Structure formats: C-alpha cells, structure tokens
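This report refers to the structure that appears directly beneath it.
In my numbering, the protein residues as written are 3 to 124.
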C-alpha cells in the first residue's frame, strides 16, 4: 500500500522502535521532506542513507556492540564465545557486529546459531 504524508498537515514525525519498520517508512517521510526523528530503532542503515530530514537519538547497534565485545575480549577471562540469536534483522545484525568486534579484539566465536522468534523446541 502506497501512502503519502502531507507536510502541510503534519509538521514532523517520530518513531520507531523497530528497525525494519523504520527502514520501510523513512522513504515516505523523505519524499514528503518531513523531519523524522528515530528514537528506538538501532539499524545503522537508517542514517547511512544520509537523508537530510532523518535523525536519530539512539546509538546504532554498531555503537552498542563494539564497546561490549571489546570489553569482554580485553578482560581476558572469556576468550571463546558461542552466539545464539533470533532470525530477525535485529538478531542477525547484532550477531554480525558483536562477533566481528569480538574477533577483532582477539576473541574467537566458536559457533553462531539462530532460531525463529517464538521457537521453544531446541
């Protein structure tokens, strides 16, 4: 369904807590040249598009994962990890970035597994 936002009736928009929804709606706000503030979605793809009317107030999942992975690896107590995530874009992206940063800091990812949201039988 294609829809348009009328800038003369709406001054600005804010949202989303979900990156997939934000990525789907940002082009609509951009076409309307409406200011859009992202307050919860963490995908770096949201602001990599460099739309002039889109800004974020939360860090990206890259900003969240780097210091965590580096701190764990540099402490030296944990050298190997197994990652279990869900299969959403959020889960896959966090797995990628945390794993990449952990390996770059000297750690080893021994396995990485994902399950669909709601899975209870492992």
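Note that the Cβ used here is the ideal one computed from N, Cα and C, for glycine as well.
The model shown is predicted, which means the values in this text are computed figures rather than measured ones.
Taking residue 57 as part of the beta strand (DSSP E), name the residues at either end of that continuous run.
Following the DSSP letters along the chain, one finds residue 57 inside the beta strand (DSSP E) bounded by residues 56 to 58.
Stretch-stretch touch, CB-based, cutoff 8 Å, three pairs: the stretch 37 to 46 with the stretch 15 to 24:
By the C-beta criterion, the stretch 37 to 46 is judged to be in contact with the stretch 15 to 24, since at least 3 inter-stretch pairs fall below 8 Å.
Contacting residues, own chain, Cβ-Cβ under 7 Å from residue 93 (five flanking each side not counted)
Taking C-beta separations shorter than 7 Å and ignoring five residues to either side along the sequence, the partners of residue 93 in its chain run 87 and 116, following chain order.
Report buried or exposed for residue 82, applying the criterion of at least 16 other Cβ atoms within 10 angstroms of its Cβ.
When all chains shown are included, residue 82 counts as exposed.
Top-ranked residue by Cα proximity to residue 73, from 24, 12, 109 and 124
Closest in alpha carbon position to residue 73, among 24, 12, 109 and 124, is 109.
Residue 111 - containing beta strand (DSSP E), residue span
Counting along the chain, the beta strand (DSSP E) containing residue 111 begins and ends at 110 to 117.
Chain B contact for residue 38 (CB, 9 Å cutoff):
Absent from the structure is chain B; it holds one protein chain and no more.
Give me the DSSP bridge partner(s) of residue 38.
DSSP output for residue 38 lists 15 and 56 as bridge partner(s).
Excluding the five sequence neighbours on either side, which residues of its own chain have a C-beta within less than 7 Å of the C-beta of residue 71, listed in chain order?
Cβ within range, chain order: 100, 103, 104 and 107.
Once DSSP output is grouped into helix, strand and coil, what is the label at residue 91?
Look at residue 91 here: in three-state DSSP terms it is helix.
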